[in-house]
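Letter by letter, the sequence shown follows residues 160 to 380 of the working numbering. We put the CB at the ideal spot given by N, CA and C, even for glycine.
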Amino acid sequence: MLPDGSPQFYLYQSVFADALAEMERAAALNQRLVRLVDGFCADLLGADVTDAAEVLPEGSFGYIAYDLALFLGDMQVLDGLLAKDPDYASAGLRYRPVRYLEIGCGAGRNLLALKYSEALDWVALHGFDIQAALIAAGQSRLGLAEELFVADAMTADYSAYDVVFSYRPFRDDALQKRFEAHLHKSLPVGAYVVAPLSLNAAPSRRMRLMGDSNHIWKKVA
């Protein structure tokens, strides 16, 4: 019983209700910030870029924006994994800053968010897309001239990167599997892959699923 005679249960109920309300407020604020970034990028890019159509290689997706809140959540999970990974230990730092690459980055919205959010400790941020118009727009309108370049996911060299993000560039399953095999072979041992909607979703001798996520992998062999 509490001093006023009311059951202890009501105190617990109040604490849980307050905590739930705070979580709901935080989630609402997060969504507002996501809409702010999306709107800011859309305004900077303009309809002439976002509506532009390019001829894509057969079997490829055009740019599909991964939900920004989910992306930043993935980066937060990855940040925690890197901080506990002895392969990335660095004296005086949470972990050795990583070299990051995004495959199929469009105009670079995710890179812009990662650049300024400090969701990861990074030493290099890069992204590529096969659509040259999107890359040119990101370079000139989002201030990502040094970060973006045009490349083909199927032939790109991934050996220089510690972290690669890929949101399924191919709609054709056979092409997607070929791409994933090339990616996994090209990556250095120790590199992480964040890959929602990947096809090779089963752990293998080469790739290990990390943490509680179903799409964050580490190359271990």
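List the DSSP bridge partners of Phe329. Counted from its first residue, the sequence shown places residue 329 at position 170. DSSP lists Ser219 as partners of Phe329.
Going by beta carbon distance, what residues of the same chain come within less than 6 Å of Leu271, once the five residues before and after it are set aside? To locate residue 271, count along the sequence shown from 1; it is residue 112. Taken in chain order, the residues that qualify are Leu301.
Which whole runs of the alpha helix (DSSP H) in the segment 242-295 are 4 residues long or more, in chain order? Taking only runs of at least 4 residues, the alpha helix (DSSP H) segments lying wholly in the segment 242-295 are 268-276.
Should Asn269 be labelled buried (16 or more other beta-carbon atoms within 10 Å of its own) or exposed? Taking the first residue of the sequence shown as position 1, residue 269 is located at position 110. Buried, because 16 or more other Cβ atoms sit within 10 Å of the Cβ of Asn269.
Quick one: is the Cβ of Ile262 within less than 6 Å of any heavy atom of the ligand ATP? In the structure shown, the ligand ATP is absent, as is every other ligand, since no ligand is present at all.
If you check the beta carbons only, do Pro328 and Ala312 fall under 7 Å apart? Residue mapping note: residue 328 aligns to position 169 of the sequence shown, counting from 1. Residue mapping note: residue 312 aligns to position 153 of the sequence shown, counting from 1. Yes; because the gap between Cβ atoms is below 7 Å, this pair is in contact.
Report the rounded CA-to-CA distance for Val282 versus Gln298, giving the unit in angstroms. Stepping through the sequence shown from its first residue, residue 282 is reached at position 123. Stepping through the sequence shown from its first residue, residue 298 is reached at position 139. Distance between the alpha carbons of Val282 and Gln298 is about 19 Å.
By Cβ distance, which residues of its chain are closer than 7 Å to Ser276, with the 5 residues on each side in sequence left out? As a working note, residue 276 is residue 117 in the sequence shown. The answer, listed in chain order, is Leu231.
Where does Asp288 land, buried or exposed, given buried means 16+ other C-beta within 10 angstroms? By one-based count along the sequence shown, residue 288 stands at place 129. With 16 or more other Cβ atoms within 10 Å, it is buried.
Pair within 7 Å by beta-carbon distance, Leu334 and Gly239: Walking along the sequence shown from the start, residue 334 turns up at place 175. Walking along the sequence shown from the start, residue 239 turns up at place 80. No, the Cβ-Cβ distance between Leu334 and Gly239 is not below 7 Å.
Taking buried to mean at least 16 other C-beta atoms within 10 Å of its own C-beta, is Gln235 buried or exposed? By one-based count along the sequence shown, residue 235 stands at place 76. Counting Cβ neighbours within 10 Å, Gln235 comes out exposed, since fewer than 16 surround it.
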